[in-house]
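**Q** Protein chains in written order, with my numbering: chain W, 46 to 472; chain E, 84 to 369.
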Amino acid sequence: MDDVAVRVENLSKRYRIGEKVSYRALRDEITRLFTAPFKKSKKGSTGEKENGHILALKDVSFEVKRGEVLGIIGRNGAGKTTLLKILSRITEPTEGYAEVHGRVGSLLEVGTGFHPELTGRENIYLNGSILGMKKAEIDRKFDEMVAFAELKKFIDTPVKYYSSGMYVRRAFAVAAHLEPEILLVDEVLAVGDFAFQKKCLGKMENIAGEGRTVLFVSHNMSAIQQMCKRVILIDQGRIIDDGESLKVVNRYLGNIFSNVKTEQVWEDKETAPGGNRVRLRRACVRPEDGVPTDTIYVTTPIVLEFEYWNLIPDVRLNLTVALFNEDGVFVFASVPLQEPVWDGKPFPASLFKTTCHIPGAFLNNGVYFVRMQIVEDHMTQLFVDPEVVIFEVYDSVEMRSKHGGWQGKWLGVVRPDLKWTTEMLKS
Amino acid sequence: MATESLTELPVTRIRPTHGWRFLNLRELWEYRELIYFLTWRDIKVRYKQTAIGAAWAIIQPFFTMVVFSLFFGKLARIPSEGLPYPIFAYSALVPWTYFANSLTQATNSLVGHQQTITKIYFPRVILPLSSILGALVDFVIAFAVLVGMVFFYHHKGLVGLPVVGALWTIPLFVLLSMITAFGVGLWLSALNVQYRDVRYAVPFLIQLWLFATPIAYPMTIVPERWRALYGLNPMVGVIEGFRRALLGKGTIWGPSLTVSVLAIMVIIIGGIFYFRKMEQTFADVV
């Protein structure tokens, strides 16, 4: 008997350029300055462009056996989510074929279809039914779901009064009781607290133990290695590795870390990146009192330096930088509003250098991708590079020893060293 | 469960679709509970956090009727087929309001469920469909007031009671206005995904459409040779038919109703094909 759960044959997905950028009303144009160009250029830099189209997936083939837990890893925009979306029939492939044996459930839409005005009970029915459960099935599992979410007391309260933790627990309870033959999980570990992550992983292990199939997309490599024997690595829409999880994860991490580029220089004004308005001469990241090749620790103050030619006189320029970590999380964006000399002034045609200071003891350890854009009048984007420099922040030994030798990465997107005080008060 | 035999598992085959497709009725039937739940949700949340709740269902057609009666009936003296003007206008405003509201909601249904569409699969046609079903509750409430008005004016001897033989056509005309709203809603909701301009155009469209439909005036003021053409507006047949079924007064049954029904058929069938064609890209574009 055939024990294949998912079979994918030569699957491709092509988007027309611009199709992925959703419609916005005019008043959203200002926010778009920060977000939409990023989406566009990120797609452009990772997917494959051809004649106004982007291939988000190219000729992908693989098979998953029943009861297997398959990990899917890759950089942001590599095509992982597109693949899951095709398998769950949200979007159609452009070419190729896939077959899925059994009911597909996904933990990518935790909380989909919730309505804040409805009570917990009503939302369980609504959400369950959107996920494809029959009413009789929800009736049967209702008590179990409420117990799982630990929400018995609040079951008749509108969910708009729920805390975000309650909300997520409730949503997960419904999704976890769907009992599909094939479960698609996309980055659930990015939300919720530690206990919730454990619950998610535990549930996934149970599901796999019952002979059902799991496709697990995550940037969390330790979770991937814990859950999956086999992992596929997707890059630019193609499967570039498929095999035993340790091997594939190492290859992926090797890719990321070998990509670190702390300095880029273009000496020729004619061919430097940019256009006929601005061109980039140099971009670098370094410790405040060091050079680009020096190691950056979590305690090190960092500077980002950009040198660029302004080619048209009397243009008001400003730079923005945005940092993304290795999980693809948008860490922060910064604009030189506090810049004392040139902010708001017209720039003559000349070579400029703009520096951005990131304090020490602020970023967490890990790899950071710096996206930089040059904007005219806070409106028109003249230049953008989504990965103008990539650097790694190392854990510092001194901070480690202070904390009883805790070795792992700290939780949280940043790791600021804040001012604390303790006083003894007379009782 | 592990004991389940593989041969029982449904196999979903995923491949690009080409060409035009009609509704997959079997699949819709399998999703009937979702249609029910989404309709139920629309009804349930519509008047949450409103002070007077379901009274809005009456206020809209009722006050339009008051304003029409004052300006068109009393001041402009527009003929009303021998009926008291208020009931003449209200009997058209009830199905019209249903049509206008369900069309508006259907148009916004896909965009309003953006999150759901990009995260889960179900036949998309369920969204405009459940908007149209959900709006029926308002219709029923407004209709109850209409029945009250019929008895009131009958008591004053100004209208006759409806003929039992004609009453059965009322559900038929309600159904026709549902199909019209659904058909137009399929077009507009799919277009709205691509072009948000639609959302702004719809209130304007509905306003124009109101005056192109015999609501404030009887069909008889339209010259006879134009009436078949006039029937191209499907709501002409629906409104006149509804009014006639309830009040026994209404105009032409013949050519314009036939034209209206044909227009409805063209709109709904075209709408289904167009919607199904565009459906594949909703999750990518919305």
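Beta carbons are placed, not taken as given, at the ideal position from N, Cα and C, and that holds for glycine.
Keep in mind the model is a prediction, meaning the values are calculated, not measured.
#1: Examine chain E for any beta-carbon lying closer than 7 Å to the beta-carbon of Glu-74(W), and answer yes or no.
#2: Could you give the uninterrupted runs of the alpha helix (DSSP H) lying entirely in the segment 90-161 of chain W, keeping only those of 4 residues or more?
#3: How would you list, in chain order, the residues of chain A whose beta-carbon sits under 7 Å from the beta-carbon of Tyr-204(E)?
#4: Who pairs with Ile-341(W) in a beta bridge, going by DSSP?
#5: Could you spell out the range, first to last residue, of the alpha helix (DSSP H) harbouring Ile-200(W)?
#6: Is the beta carbon of Ile-131(W) sitting closer than 7 Å to the one on Ile-277(W)?
#7: Per the contact definition of three or more C-beta pairs closer than 8 Å, is the segment 206-220 of chain E in contact with the segment 189-197 of chain E?
#8: In terms of residue numbering, what span does the beta strand (DSSP E) encompassing Pro-332(W) cover?
#9: Under a Cβ-count criterion, where at least 16 other Cβ atoms within 10 Å of its own Cβ denotes burial, should Asn-355(W) be classed as buried or exposed?
#10: In chain E, which residues lie with their C-beta within 9 Å of the C-beta of Val-105(W)?
#11: List, from N- to C-terminal side, the alpha helix (DSSP H) runs of 4 residues or more that fit wholly inside the segment 366-431 of chain W.
#12: Looking at chain E, is there any beta carbon in it that lies within less than 7 Å of the beta carbon of Leu-100(W)?
#13: So, is the C-beta of Leu-117(E) closer than 7 Å to a C-beta in chain W?
#14: Counting C-beta neighbours from all protein chains within 10 Å, is the total for Gln-271(W) 16 or more, i.e. buried, or is it exposed?
#15: Using a beta-carbon distance cut-off of less than 8 Å, what residues from the segment 169-180 of chain W approach chain E?
#16: Please check if any C-beta of chain E sits within less than 7 Å of the C-beta of Glu-468(W).
#17: Would you list the one or two residues that DSSP bridges to Arg-257(W)?
#18: Buried or exposed for His-101(E), please, with buried defined as at least 16 other CB atoms from any protein chain shown within 10 angstroms of its CB.
#19: What is the residue span of the alpha helix (DSSP H) that Val-40(E) lies within?
#20: Listed from N- to C-terminal order along the chain, which residues in the segment 207-232 of chain E have their beta-carbon within a distance smaller than 9 Å of any beta-carbon of chain W?
#21: Could you give the residue range of the alpha helix (DSSP H) that holds Thr-122(E)?
#22: Between the C-alpha atoms of Leu-171(W) and Tyr-207(W), what's the straight-line distance to the nearest angstrom?
#23: Fully enclosed by the segment 149-225 of chain E, which alpha helix (DSSP H) runs are 4 residues long or longer?
#24: Measure the beta-carbon distance from Asn-409(W) to Arg-326(W) and round it to whole angstroms, keeping in mind my assumption that it falls under 8 Å.
#25: For the beta strand (DSSP E) that Gly-288(W) lies in, which residues bound it at each end?
#26: Which residues, taken in chain order from the segment 95-107 of chain E, show a beta carbon closer than 9 Å to some beta carbon of chain W?
#27: For Gly-102(E), name the three-state secondary structure that DSSP assigns.
#28: Leaving out the 5 sequence neighbours to the left and right, which residues in its chain are closer than 6 Å to Leu-228(W) when beta-carbon positions are compared?
#29: If you draw a straight line from the alpha carbon of Ala-225(E) to that of Ile-141(E), how long is it in whole angstroms?
#30: Note down the Cα distance separating Val-429(W) from Phe-199(W), rounded to an integer number of angstroms.
#31: Lys-126(W) touches chain E at which residues, Cβ-Cβ below 9 Å?
#32: Chain E beta carbons: is any one of them nearer than 7 Å to that of Pro-336(W)?
#33: Across which residues does DSSP place Ile-322(E) in a beta bridge pair?
#34: Please check the pair Phe-436(W) and Val-305(W), which I expect to be a contact at CB under 8 Å, by giving their CB distance rounded to whole angstroms.
#35: Contact between the segment 133-147 of chain W and the segment 284-300 of chain W: three or more CB pairs below 8 Å?
#36: Determine, for Gln-188(E), whether the minimum Cβ-Cβ distance to residues of chain W falls below 7 Å.
**A** Put simply:
#1: Counting from one through the first sequence, the residue named residue 74(W) turns up at place 29. Below a pLDDT of 50, predicted positions are generally treated as unreliable, and Glu-74(W), at 44, falls in that range; no measurement from the model is reported.
#2: With a minimum length of 4 residues, the continuous alpha helix (DSSP H) runs that stay inside the segment 90-161 of chain W are 125-132.
#3: The structure shown contains no chain A; the protein chains it does contain are W and E.
#4: Here residue 341(W) refers to the residue found at position 296 of the first sequence. Under the DSSP definition of a beta bridge, Ile-341(W) partners with Val-438(W).
#5: Start at 1 with the first residue of the first sequence, and residue 200(W) comes out as number 155. If you look at Ile-200(W), you'll find it isn't in any alpha helix (DSSP H); DSSP assigns it neither H nor E.
#6: Your numbering for residue 131(W) matches position 86 in the first sequence. Your numbering for residue 277(W) matches position 232 in the first sequence. Using a Cβ distance threshold of 7 Å, Ile-131(W) and Ile-277(W) do not count as a contacting pair.
#7: Contact holds: three or more Cβ-Cβ distances are below 8 Å.
#8: For the purposes of this step, residue 332(W) is identified with residue 287 of the first sequence, where counting begins at 1. Pro-332(W) -> beta strand (DSSP E) spans 323-332.
#9: As a working mapping, residue 355(W) is identified with position 310 in the first sequence. So Asn-355(W) ends up on the buried side.
#10: As a working mapping, residue 105(W) is identified with position 60 in the first sequence. Listed by position along chain E, the residues whose Cβ is nearer than 9 Å to that of Val-105(W) form an empty set, because the closest Cβ is around 12 Å away.
#11: Fully enclosed alpha helix (DSSP H) runs of 4 or longer: not present.
#12: The residue given as residue 100(W) occupies position 55 in the first sequence. By this cut-off, Leu-100(W) is not an interface position.
#13: What you label residue 117(E) is simply residue 34 of the second sequence in a count that begins at 1. Output row for Leu-117(E): interface = yes.
#14: As a position in the first sequence, residue 271(W) is number 226, starting the count at 1. It is exposed - the Cβ of Gln-271(W) has fewer than 16 other Cβ atoms within 10 Å.
#15: Hits within the stretch, in order: Tyr-170, Leu-171, Ser-174, Ile-175, Leu-176, Gly-177, Lys-179, Lys-180.
#16: In the first sequence, the residue the question calls residue 468(W) occupies position 423. By this cut-off, Glu-468(W) is not an interface position.
#17: For the purposes of this step, residue 257(W) is taken as residue 212 along the first sequence, with counting starting at 1. Answer by DSSP bridge pairing: none, since Arg-257(W) is not bridged.
#18: On the second sequence, residue 101(E) is found 18 positions in, with the first residue counted as 1. Exposed is the call here.
#19: Look at the range of chain E in this structure, 84 to 369, and you will see that residue 40(E) is not part of it.
#20: For the segment 207-232 of chain E, there are no residues whose beta carbon sits under 9 Å from a beta carbon of chain W.
#21: On the second sequence, residue 122(E) is found 39 positions in, with the first residue counted as 1. Here the alpha helix (DSSP H) through Thr-122(E) covers 115-129.
#22: Working through the first sequence from its first residue, we reach residue 171(W) at position 126. Working through the first sequence from its first residue, we reach residue 207(W) at position 162. Taking the straight line from one Cα to the other gives about 17 Å.
#23: You should have 168-195, 197-200, 209-217.
#24: What you label residue 409(W) is simply residue 364 of the first sequence in a count that begins at 1. What you label residue 326(W) is simply residue 281 of the first sequence in a count that begins at 1. No, Asn-409(W) and Arg-326(W) are not in contact; Cβ-Cβ is about 31 Å, not under 8 Å.
#25: Stepping through the first sequence from its first residue, residue 288(W) is reached at position 243. Note, Gly-288(W): beta strand (DSSP E), 283-289.
#26: Within the segment 95-107 of chain E, the residues whose Cβ lies closer than 9 Å to some Cβ of chain W are Thr-95, Arg-96, Ile-97, Arg-98, Pro-99, Thr-100, listed in chain order.
#27: Counting from 1 along the second sequence, the entry for residue 102(E) is found at position 19. DSSP places Gly-102(E) in coil when its eight states are reduced to three.
#28: Here residue 228(W) refers to the residue found at position 183 of the first sequence. Closer than 6 Å at the Cβ level, and outside the excluded window around Leu-228(W), lie Gly-150, Ile-252, Val-259.
#29: As a working note, residue 225(E) is residue 142 in the second sequence. As a working note, residue 141(E) is residue 58 in the second sequence. Put simply, the backbone Cα of Ala-225(E) is about 5 Å away from that of Ile-141(E).
#30: One-based indexing of the first sequence puts residue 429(W) at position 384. One-based indexing of the first sequence puts residue 199(W) at position 154. Cα to Cα, the separation comes out at about 48 Å.
#31: Taking the first residue of the first sequence as position 1, residue 126(W) is located at position 81. Looking at the sequence provided, one finds Thr at residue 126(W) rather than Lys. Chain E residues near Thr-126(W): none, gap ~10 Å exceeds 9 Å.
#32: If you number the first sequence from 1, residue 336(W) lands on position 291. Here the sequence assigns Val to residue 336(W), which means Pro is not the residue at that position. It does not; no Cβ of chain E falls within 7 Å.
#33: Within the second sequence, the letter at position 239 stands for residue 322(E). None; Ile-322(E) has no bridge partner.
#34: Locating residue 436(W) in the first sequence gives position 391, where the first residue counts as 1. Locating residue 305(W) in the first sequence gives position 260, where the first residue counts as 1. That pair is a contact at about 6 Å.
#35: Result no; under three Cβ-Cβ pairs closer than 8 Å.
#36: For this step, residue 188(E) is matched to residue 105 along the second sequence. Chain W, which has no Cβ nearer than 7 Å to the Cβ of Gln-188(E), makes this no.
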